[in-house]
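Written out below as structure tokens is the structure these notes cover.
Numbering (my numbering), first residue to last: 43 to 117.
Dropping the structure here:
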């Protein structure tokens, strides 16, 4: 079965940062798939890549950052 979020640009925001673990909320309720890579846009430098590990609810995912999360801010 095809994942509806595949190849679709989703917009979300960080709600929590715990070391390399980040929670991201998506307004439209369409979530990236488990194990899918996502890019977190930083104000400076290249994007931070994270891998989706869990769907916490219908709008929020938990992901593991594959690089340093220093400087990220949760809203």
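Where is the CB? At the ideal position from N, CA and C, for every residue including glycine.
Under the three-state reduction of DSSP, residue 101 is assigned to coil, being neither helix nor strand. Residue pairing by DSSP places residue 64 opposite 59 and 105 in a beta bridge. DSSP places residue 54 in the strand class (E or B) of the three-state scheme. Under a 10 Å Cβ-count criterion, residue 108 is classified as exposed, with fewer than 16 other Cβ atoms of the shown protein chains found around its own Cβ.
Residue 80: member of the beta strand (DSSP E) spanning 79-82, first to last residue.
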